[in-house]
Amino acid sequence: MASTNNNPPLIHQAIALYGGTFDPIHYGHLRPVEALSGLIGLKEVIWLPNNIPPHRPQPEASSQQ
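Residue numbers (UniProt numbering): 1 to 65.
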């Protein structure tokens with residue numbers, strides 16, 4: 001007896017996670033996503049905004065501000 005598989009075939013779809021402060025968002029943020037999309041055919045980009053930049057200290061207000 002042959003076994004049957006009713007599961008749909010797996011389709012690999014490229015999804016990118018893109019994190020950053022995006023403060024403000026500009027073309028420098030959009031261009032790499034557009035380039036990567038053209039190279040690998042992204043289906044979706046999930047933007048992960050972060051209010052704490054990992055590469056520099058967080059700005060602090062002085063008592064006078």
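All C-beta atoms in this analysis are idealised placements derived from N, C-alpha and C, irrespective of residue type, glycine included. Values in this document were obtained by computation on a predicted structure and should not be read as measured data.
Check, Outcome
"Rounded distance between the beta-carbons of N50 and G20, thought under 8 Å", "7 Å"
"Spatially closest choice to P53 from A14, I40, D23 and S63, by CA coordinates", "D23"
"For E34, the first and last residue of its enclosing alpha helix (DSSP H)", "Y27 to I40"
"Nonlocal neighbours in the same chain, by C-beta distance under 8 Å from L42, ignoring five residues either side", "A14, I15, A16, V33 and L36"
"Helix, strand or coil at P49 [DSSP, three-state]", "strand"
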